[in-house]
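Residue numbers 1 to 269, in UniProt numbering, belong to the letters of the sequence shown in order.
Where a beta carbon is used, it is the ideal one built from N, C-alpha and C, also for glycine.
All values derive from a computational prediction rather than experimental measurement.
This report concerns only the one structure given below.
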Amino acid sequence: MADTREHVLAGSRGPIVVREWPNPRPRYVALVIHGYGEHAGRYAEVADVLVEHGAAVFGPDHVGHGRSAGERVVIEDFEEVVADVRAVAELARAAHPDLPVVLVGHSMGGLIAARYAQLHGAGLAALVLSGPVIGDWALPRRLLALNEIPDTPISPAALSRDPAVGAAYAADPLVWHGPMKRPTVEAFARMLDTVSKGGGIGRLPLLWLHGDEDRLVPLLGSRVGIEELRGDELTERVYPGARHEVFHETNKTDVFADLIRFLDGVFAH
1 MADTREHVLA
11 GSRGPIVVRE
21 WPNPRPRYVA
31 LVIHGYGEHA
41 GRYAEVADVL
51 VEHGAAVFGP
61 DHVGHGRSAG
71 ERVVIEDFEE
81 VVADVRAVAE
91 LARAAHPDLP
101 VVLVGHSMGG
111 LIAARYAQLH
121 GAGLAALVLS
131 GPVIGDWALP
141 RRLLALNEIP
151 DTPISPAALS
161 RDPAVGAAYA
171 ADPLVWHGPM
181 KRPTVEAFAR
191 MLDTVSKGGG
201 IGRLPLLWLH
211 GDEDRLVPLL
221 GSRVGIEELR
231 GDELTERVYP
241 GARHEVFHET
251 NKTDVFADLI
261 RFLDGVFAH
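Right, dumping it as structure tokens:
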């Protein structure tokens with residue numbers, strides 16, 4: 001386990017807690033953008049892999065998530081979260097000027113990272129999207145059609161075939177275990193549309209990772225978004241049998257190897 005440091009930034013709607021996994025001699029910076037209802041601390045193993053590969057890693061807890069400020073899981077405008085990630089990128093760049101920056105986004109973090117790449121892609125070396133909420137994601141439409149959003153939290157079993165992952169998630173006090181909230185669902189719907197219409201990312205290399213048994217963010221819906229977002233360099237890895245969190249899956253060794261191989265290719269250019 002790499003040591004971690006903590007930073008607190010003034011976010012769009014209150015203080016944002018940022019976890020840093022330092023590297024004494026970094027070759028690049030990696031920003032890790034977590035998903036809905038969770039927090040950056042769940043990415044310690046991903047961070048360790050990246051640090052070993054040469055990254056200094058930074059991961060914010062989004063507004064309403066983890067140890068950051070705000071009503072739990074309420075995001076009223078994803079553009080504000082993108083701005084918060086920009087502030088994290090500036091923190092990382094101040095510490096490590098002139099190093100290339102890689103953006104890694106999972107699930108809801110994939111939506112945030114995709115929008116960031118549309119707006120600020122010129123400042124990135126690569127974009128990695130894992131089970132990204134982009135394209136045709138039916139859940140917001142389904143929930144917004146109801147008078148009341150049902151109290152059905154995410155099933156831990158949907159995350160990974162490894163039961164220990166679901167057990168740790170269920171026991172994690174920093175994870176939200178309640179229902180989705182209407183302002184956040186409305187913000188999801190708006191940002192899905194914004195990213196869909198926001199154009200491709202040009203020459204920015206993109207790695208897309210997805211499990212073909214992902215029930216939370218189905219593969220086919222995300223593929224629609226990948227086709228809208230992709231530029232000239234797309235690398236796609238779909239893992240048979242894998243569920244939503246490929247970085248926590250039973251085949252995570254293969255996933256990490258694909259991630260490192262992709263980054264090696266990016267930095268070899």
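Other residues of its chain near residue i: CB distance less than 6 Å, five sequence neighbours each side excluded
i	result
residue 207	128, 235 and 262
residue 92	29 and 58
residue 21	2, 4, 47, 51 and 57
residue 61	17, 39, 40, 67 and 68
Alpha carbon of residue i to alpha carbon of residue j, nearest angstrom
i	j	result
residue 177	residue 73	10 Å
residue 270	residue 78	The chain is shown from 1 up to 269; residue 270 falls before or after that span and cannot be answered.
residue 76	residue 190	10 Å
residue 232	residue 122	14 Å
residue 221	residue 33	20 Å
residue 188	residue 112	10 Å
residue 238	residue 131	10 Å
residue 140	residue 267	37 Å
residue 71	residue 223	32 Å
residue 196	residue 65	25 Å
residue 88	residue 142	33 Å
Candidates the options, of which the one nearest residue i by Cα
i	options	result
residue 63	25, 98, 9 and 45	9
residue 53	41, 60 and 27	27
residue 107	200, 172 and 159	159
residue 135	229, 24 and 7	229
residue 42	172, 96 and 82	172
residue 90	124, 45, 65 and 200	124
residue 23	96, 88 and 86	96
residue 199	218, 226, 174 and 210	226
residue 99	138, 210 and 31	31
residue 138	253, 265 and 218	218
Sequence-distant residues of the same chain with beta carbon closer than 8 Å to residue i, five excluded per side
i	result
residue 161	241, 242, 243, 249 and 250
residue 179	149, 150, 151, 152 and 153
residue 84	9, 11, 12, 16, 60, 62 and 63
Distance cut-off 7 Å: residue i Cβ against heavy atoms of the ligand ATP
i	result
residue 145	The ligand ATP is not among the ligands present in this structure, which contains no ligands whatsoever.
Close beta carbons around residue i, own chain, < 7 Å, minus the five adjacent residues each side
i	result
residue 256	49
residue 109	33, 34 and 35
residue 82	112, 115, 116 and 119
Opening and closing residue of the alpha helix (DSSP H) in which residue i lies
i	result
residue 141	139 to 144
residue 63	Run containing residue 63: none; DSSP gives neither H nor E here.
residue 53	44 to 53
Residue span of the beta strand (DSSP E) that contains residue i, given as start and end
i	result
residue 224	No beta strand (DSSP E) holds residue 224; the alpha helix (DSSP H) holding it covers 219 to 229.
residue 16	14 to 21
residue 259	Per DSSP, residue 259 belongs to no beta strand (DSSP E); it is in the alpha helix (DSSP H), 252 to 268.
residue 130	126 to 130
residue 7	5 to 11
Next on the checklist: Between the stretch 101 to 108 and the stretch 117 to 133, can you find at least three pairs of beta-carbon atoms closer than 8 Å?
Outcome noted: yes
Next on the checklist: Using a Cβ distance threshold of 8 Å, determine whether the stretch 208 to 218 contacts the stretch 182 to 189, with at least three qualifying pairs required.
Outcome noted: no
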